[in-house]
Amino acid sequence: MKASEFSSISDSRKRRKAMEFIVFLFFRISALICSFGLVIIVGFIAVKGLSSITWTFLTQPPVKMMTEGGILPCIMGTIYLSLGAILIAVPIGVASAVYLTEYAAPGRLLRAIRLGINNLAGIPSVIFGLFGLAFFVIYLGMGVSILAGACTLSALTLPVVISSTEEALRAVPQTYREASLGLGATKWQTIYRVVLPSALPGILTGTILGLGRAAGETAPIMFTAAVFFTPSLPSSIFDEVMALPYHIYVLATAGTEIEKTRPLQFGTALVLIMLVLGLNLVAIIYRSKLRRRK
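For the sequence shown, the working numbering begins at 71 and goes up steadily by one.
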């Protein structure tokens, strides 16, 4: 090979390495900017709200027009609504993803369904709230209740669960399916005993994302489940509840003494962040155990 050809190859490699360095540098800077922004937001809320976090604040209901007391009904209401939404959305979402990935024949109908799911993911949350008000609260007669709020939030999180489950199912090697079918298993036995267990960590990832979104939404629950004030904990799924996102909204916009409740607003926001992180942490730990077991 001539010296000129060696020189050309060497220059091409240098250009590729330089381009790779620039691209990875851009990625690192982007990640640092996102991380820095997150640290600033959480740090600001923590500094402003940490002084409000006391045992009374976490274990007592609000008193004196919500200018004193705690947020226990809000914490429990958020947990009820979030877990209720996930309990509804995950079975439906996983079943839908299994059908779309394993059973549905390629064609216009499948493309239309996937297009609808993608469009559903982009609808503003307030539209889901109005839908929940019209359908669950009024048409189905659920009233303003935990059940209506959980159903509305499940519709909100359903596209996330379906999309993540589809990706997890596609990531399972086709050889797993072929080996199971070759041993005499039916298609459903293959899906239930081979494909779904292999895709479970990915399914949990979608569940975690859906749980975080459900816990932090205000618009869907303000029409279907959340109320301005109720001092007692709900006794059934047909009771109305207080919730942390809506409580923050009320304290910041509709309270009688907004400036006086400013520390409570930041304290409630900090508790919401920690609650979402805690719920996500439990799911992440469980997912990690499943991956190690594989």
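No residue lacks a Cβ here, since even glycine has one placed at the ideal position from N, Cα and C.
Backbone secondary structure at residue i - three-state DSSP
| i | result |
| --- | --- |
| A255 | coil |
| V109 | helix |
| E310 | coil |
| V133 | strand |
| E287 | coil |
| G192 | coil |
Straight-line Cα distance separating residue j from residue i
| i | j | result |
| --- | --- | --- |
| L142 | T124 | 12 Å |
| A159 | M89 | 43 Å |
| Y356 | L314 | 26 Å |
| M292 | Y316 | 7 Å |
| K118 | P131 | 21 Å |
| A289 | A296 | 10 Å |
| Q335 | I318 | 6 Å |
| Y209 | Y150 | 23 Å |
| F205 | G199 | 10 Å |
Closest Cα partner of residue i within the set the options
| i | options | result |
| --- | --- | --- |
| C144 | Y356, A285, T331 | A285 |
| T218 | V352, V93, Q130, F308 | In the sequence as presented, Thr is not what sits at residue 218; that position holds Ala. Among V352, V93, Q130, F308, the Cα nearest to that of A218 is on F308. |
| R240 | T260, K257, A249, V265 | V265 |
| I187 | L203, M312, S166 | S166 |
| M312 | A322, S306, T300, T323 | T300 |
| A116 | L347, G202, A339, L345 | A339 |
Beta-carbon contacts of residue i that lie in its chain and below 8 Å, excluding the five residues immediately before and after
| i | result |
| --- | --- |
| L32 | This structure cannot settle anything about residue 32, because the visible part of the chain is limited to 71 through 364. |
| E172 | L239, K257, I261, V265 |
| S152 | L223, L281, A284, A285, L349 |
Same chain, Cβ closer than 6 Å to residue i, five either side skipped, listed in chain order
| i | result |
| --- | --- |
| K330 | T137 |
Cβ shell of residue i (< 7 Å), same chain only, five flanking positions each side left out
| i | result |
| --- | --- |
| G280 | I156, A159, T227, V230, V231 |
| F127 | G140, I141, G337 |
| G154 | I216, A220 |
| S121 | P333 |
| T129 | G140, L142 |
| P298 | Per the sequence presented here, residue 298 reads as Phe, with Pro not at that position. V320. |
| L303 | P143, M146 |
Check whether residue i and residue j have beta carbons under 8 Å apart
| i | j | result |
| --- | --- | --- |
| I354 | I278 | yes |
| I261 | V164 | no |
| G282 | S234 | no |
| V207 | T148 | no |
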